[in-house]
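Number of protein chains: 2
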Amino acid sequence: MSAQKGLLIVLSGPSGVGKGTVRKALFESDDNDFEYSVSMTTRQKRAGEQEGVDYFFRTREEFEQLIASGEMLEYAEYVGNYYGTPLEYVNKTLEEGKDVFLEIEVQGAMKVKEKVPDGVFIFLTPPDLVELKSRIVGRGTDDMAVINERMEIAKAEIEMMRHYDYAVVNDQVSLAVDRIKKIIESEHYRVPRVIEKYENMIKGL
Amino acid sequence: MSAQKGLLIVLSGPSGVGKGTVRKALFESDDNDFEYSVSMTTRQKRAGEQEGVDYFFRTREEFEQLIASGEMLEYAEYVGNYYGTPLEYVNKTLEEGKDVFLEIEVQGAMKVKEKVPDGVFIFLTPPDLVELKSRIVGRGTDDMAVINERMEIAKAEIEMMRHYDYAVVNDQVSLAVDRIKKIIESEHYRVPRVIEKYENMIKGL
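Taken in sequence, the protein lines are chains A and B. With this note's numbering, letter number 203 in the first sequence gets 203, and the count goes up by one each step, no holes. With this note's numbering, letter number 173 in the second sequence gets 1173, and the count goes up by one each step, no holes.
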């Protein structure tokens, strides 16, 4: 399987569904072999941080130029600094045959899909939408207008599922992690991803 | 996941790759929940065999009429009797939410694909085509014309892979079984197979 290109795996889903927790558990499990996607940032380098290991450190001007030239796979601004995923780094890692895993918000995921359509897009869903509603309503202090707005946002986010390849229920973190691992392994067996290797073997006979 | 339709899983691959052995190991493993596909046959019922359990027993005329009206998912003639998979039985089982597993030859698999395009088509491959060649050559007693013909058939069968969804290497039966199980589970998480359930949930909010 050596000649196979790596997979870009994108985990996303509605706010509050637990994307970060699942991603963390996935990276901490011992049989994963994803590549951490090294992010780019405009914030100051802190003591002990290394260029290309913790982050790619760039000036605001450099970062904005990469955005303008379409070289950021996705990015966001947070407390006055940019954070994002450089396309070149991701493509280089995929070419080396390593899988790259990104955990991002739904808006960012749709932008990634435009740039890397053969990525594996996994949508993490709440175990039960009725329970989601009671959680939104149950906060108690909010008036109906606020509750309804939150419900509409939740519905719109669930509707985004249609743009993904897989829907994984986050009923229990360890189960969600297990499902995601199976999906990633299975995707490596998909014919469009392996056929070139077999065609080369046949040519060699 | 109750409302989800079952999956039709088709395992195929070149002659001699070990399809039967893998299918047997898959059914014998304890955590599978496929439905055996009850075949239809024109052969005589033997002592102890039950209609609809061991086989659906039909006359030659009845069987040929089902073929003519497109109601056989696939079929073959063997020692003067027909054997095949009735479409109605498969569809009924899928509607009940159960997965149906078929292990068939490549020609039959392509016919199944025409009738059930949303099935999951898995192609079992030999671990190494070079080794396959040396096995074909190594029988020793055959002349080059026979060897070349076998190689051409083997190549043509491998080329069929492009019509499948997944390619699974049969390097070790237990590993191949494990990969197939992961593929089947993952396919259950594919968005087109679950989105209706979520849309109904949203309507209910």
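The C-beta atom is built at its ideal place from N, Cα and C for all residues, glycine as well. Just so we're clear, the structure is a prediction, and the values are computed from it rather than from any experiment.
Compute the Euclidean distance between the alpha carbons of Thr41/A and Phe123/A, then round it to the nearest angstrom. Reading the first sequence from its first residue, position 41 is the one you call residue 41/A. Reading the first sequence from its first residue, position 123 is the one you call residue 123/A. Going from the Cα of Thr41/A to the Cα of Phe123/A covers about 26 Å.
Just checking: is the beta-carbon of Ser1186/B within a distance shorter than 8 Å of some beta-carbon in chain C? Included in the structure are the protein chains A and B, with no chain C among them.
What did DSSP end up calling Gly1084/B once you bin it into helix, strand or coil? Sequence index remark: in the second sequence, residue 1084/B carries index 84 (1-based). Here Gly1084/B sits in strand by DSSP.
Residue environment, Ala1109/B, which counts as buried when at least 16 other CB atoms sit within 10 Å: Walking along the second sequence from the start, residue 1109/B turns up at place 109. Under this definition Ala1109/B is a buried residue.
Under 8 Å between C-beta atoms, does Ile153/A make it to chain B? Taking the first sequence and counting its residues from 1, the one referred to as residue 153/A is at position 153. Judged by the 8 Å Cβ criterion, Ile153/A is not in contact with chain B.
Around the C-beta of Asp118/A, are 16 or more other C-beta atoms found within 10 angstroms, so that it is buried, or is it exposed? Counting from 1 along the first sequence, the entry for residue 118/A is found at position 118. It counts as exposed.
Select from Leu1007/B, Glu1064/B, Pro1127/B and Phe1057/B the residue whose C-alpha is nearest the C-alpha of Gly1016/B. In the second sequence, residue 1016/B corresponds to position 16, counting from 1. Minimum Cα distance to Gly1016/B is reached at Pro1127/B.
Please go through the same chain and pick out, in chain order, the residues whose beta-carbon is closer than 6 Å to the beta-carbon of Glu1103/B, but skip the five residues on each side of it. The residue given as residue 1103/B occupies position 103 in the second sequence. Contacts found: Leu1011, Lys1019 and Arg1023.
Measuring CB to CB, does Ile1195/B end up less than 8 Å from Leu129/A? Translated into the one-based positions of the second sequence, residue 1195/B becomes position 195. Translated into the one-based positions of the first sequence, residue 129/A becomes position 129. For Ile1195/B and Leu129/A, no; Cβs fall outside 8 Å.
Listed in chain order, which residues of the stretch 1164-1188 of chain B have Cβ atoms closer than 8 Å to some Cβ of chain A? Tyr1164, Asp1165, Tyr1166, Ala1167, Val1168, Arg1179, Lys1182, Ile1183, Glu1185, Ser1186 and Glu1187
Among Thr1085/B, Ser1134/B and Thr1125/B, nearest to Lys1111/B - alpha-carbon criterion: Here residue 1111/B corresponds to residue number 111 of the second sequence, with the count starting at 1. Nearest of Thr1085/B, Ser1134/B and Thr1125/B to Lys1111/B, Cα basis: Thr1085/B.
So is Arg1060/B buried or exposed if we call it buried at 16+ other beta carbons inside 10 Å? Translated into the one-based positions of the second sequence, residue 1060/B becomes position 60. Burial call: exposed.
Could you give the uninterrupted runs of the beta strand (DSSP E) lying entirely in the stretch 1157-1198 of chain B, keeping only those of 3 residues or more? 1166-1169
How about Leu94/A: is its Cβ closer than 7 Å to a heavy atom in the ligand NAP? As far as ligands go, the structure on display features none, and thus does not contain the ligand NAP.
Which whole-angstrom value is the C-beta distance of Tyr89/A and Val173/A, which I expect to be below 8 Å? Position 89 of the first sequence holds residue 89/A. Position 173 of the first sequence holds residue 173/A. Not really, about 28 Å apart at Cβ, beyond 8 Å.
What are the boundary residues of the alpha helix (DSSP H) that includes Glu61/A? Numbered from 1 along the first sequence, position 61 holds the residue referred to as residue 61/A. From DSSP, the alpha helix (DSSP H) with Glu61/A extends over Arg60 to Ala68.
Quick check: the stretch 1066-1077 of chain B against the stretch 174-188 of chain A, are there 3 or more CB pairs under 8 Å? no
Does chain B have any CB closer than 8 Å to the CB of Met110/A? Numbered from 1 along the first sequence, position 110 holds the residue referred to as residue 110/A. Taking Cβ atoms only, chain B never reaches closer than 8 Å to Met110/A, which makes this a no.
What in chain A is Cβ-close to Ile1195/B, meaning under 8 Å? Translated into positions along the second sequence, residue 1195/B becomes position 195. Correct list: Met161, Arg162 and Ala167.
Count the other CB atoms, across all protein chains shown, that sit within 10 Å of the CB of Val1053/B; report buried if there are 16 or more and exposed otherwise. Your numbering for residue 1053/B matches position 53 in the second sequence. Exposed, since its Cβ has fewer than 16 Cβ neighbours within 10 Å.
Specify the secondary structure class of Leu129/A as computed by DSSP and reduced to three states. For the purposes of this step, residue 129/A is taken as the residue at position 129 of the first sequence. In this structure, Leu129/A counts as helix in the three-state DSSP scheme.
So, are the CB atoms of Val191/A and Ala1076/B less than 8 Å apart? Taking the first residue of the first sequence as position 1, residue 191/A is located at position 191. Taking the first residue of the second sequence as position 1, residue 1076/B is located at position 76. No, the Cβ-Cβ distance between Val191/A and Ala1076/B is not below 8 Å.
If you compare alpha carbons, which of Glu1049/B, Asp1165/B, Lys1115/B and Met1151/B is closest to Ser1186/B? Residue 1186/B sits at position 186 when you count from the first residue of the second sequence. For the residues Glu1049/B, Asp1165/B, Lys1115/B and Met1151/B, the minimum Cα distance to Ser1186/B belongs to Asp1165/B.
Have a look at Glu1152/B, Asn1200/B and Lys1098/B and flag the residue whose alpha-carbon is nearest the alpha-carbon of His1188/B. Within the second sequence, residue 1188/B is the residue found at index 188, counting from 1. Considering only alpha carbons, the answer is Lys1098/B.
Just mark Gly133/A as buried or exposed, buried being the case when its beta carbon has 16 or more other beta carbons within 10 Å. One-based indexing of the first sequence puts residue 133/A at position 133. Gly is not the amino acid found at residue 133/A; the sequence shown has Lys there. Label assigned to Lys133/A: buried.
Looking only at C-alpha atoms, which of Arg1043/B, Ala1047/B, Gly1048/B and Phe1056/B sits nearest to Tyr1078/B? Taking the first residue of the second sequence as 1, we reach residue 1078/B at position 78. If we check each option's Cα against that of Tyr1078/B, Arg1043/B comes out closest.
List the residues of chain A that Leu1129/B touches, going by C-beta distances under 8 Å, in chain order. The count along the second sequence starts at 1 and reaches residue 1129/B at position 129. Residues of chain A passing the Cβ test: Tyr198, Met201, Ile202, Gly204 and Leu205.
Along chain A, in chain order, which residues have C-beta atoms closer than 7 Å to that of Ile1158/B? By one-based count along the second sequence, residue 1158/B stands at place 158. Result: Tyr198 and Ile202.
In this structure, does DSSP put Leu26/A in helix, strand or coil? As a first step, residue 26/A must be located in the first sequence, where it is residue number 26. In this structure, Leu26/A counts as helix in the three-state DSSP scheme.
For Val1212/B, return the contacting residues in chain A, with the cut-off set at a CB-CB distance below 8 Å. The shown model of chain B, from 1001 to 1205, leaves out residue 1212/B, and the question about it has no answer.
Buried or exposed: which applies to Gly1204/B, given that a residue is buried once 16 or more other Cβ atoms fall within 10 Å of its Cβ? For the purposes of this step, residue 1204/B is identified with residue 204 of the second sequence, where counting begins at 1. Classification for Gly1204/B: exposed.
Neighbourhood of Leu94/A by C-beta distance below 7 Å, restricted to the same chain and skipping five residues each side: Position 94 of the first sequence, counting from 1, holds the residue named residue 94/A. Excluding positions up to five away in sequence, the list reads Lys5, Gly6, Leu8 and Val100.
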